[in-house]
Amino acid sequence: MRCLPVAFAVAAIPLATAAQEASGLRRVAPPGASSCSGCHASRPAAGLAVPWIAGRPAAEIADLMAAFRAGERSGTVMTRIARGFSPEETRAIAEWLEGQR
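The sequence shown runs -18 to -1, 1 to 83 under mature numbering (1 follows the signal peptide of the UniProt record, and there is no 0).
Laid out in structure tokens, this is it:
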């Protein structure tokens, strides 16, 4: 009898995780995402040399990363960084960053 509440709690974990992901509220950054904050500010501010990205639309971030990966945007370290991620990894990072408002 005492195990029943624990069993229900354990069974609910996947449902809570799925609900968080469906709503875009991922608490854990996908691999590679945490390194973005080394250069990119989490909020817009005047005079930043590197643009802020947290909370920006995922499609915008993914498109920019694809352009860096393809060599269509150059002049920064982002070309090399973008080539280190697959399109799927980039999309996961972009979606996570969008949710970091």
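Each residue gets a CB set at the ideal place from its N, CA and C atoms; glycine is no exception.
Candidates the options: closest to residue i by CA position
i: GLY37; options: SER24, ALA64, GLY53; result: SER24
i: ARG83; options: GLU54, TRP34, VAL59, GLU70; result: TRP34
i: ALA22; options: ARG9, VAL10, VAL59; result: Just to set this straight, residue 22 is His in the shown sequence, not Ala. Cα-wise, what sits closest to HIS22 is VAL59.
i: GLY20; options: VAL32, ARG9, ALA28, VAL10; result: VAL32
Proximity of residue i and residue j at Cβ, strictly below 9 Å
i: residue 164; j: ALA64; result: Within the shown structure, residues of the chain are numbered from -18 to 83, placing residue 164 beyond reach of any answer.
i: ILE43; j: THR72; result: yes
i: ALA52; j: ALA76; result: no
i: PRO26; j: GLU80; result: no
Which of helix, strand or coil DSSP assigns to residue i
i: PRO39; result: coil
i: ILE75; result: helix
i: ALA23; result: coil
i: LEU46; result: helix
i: GLU54; result: coil
i: ARG9; result: coil
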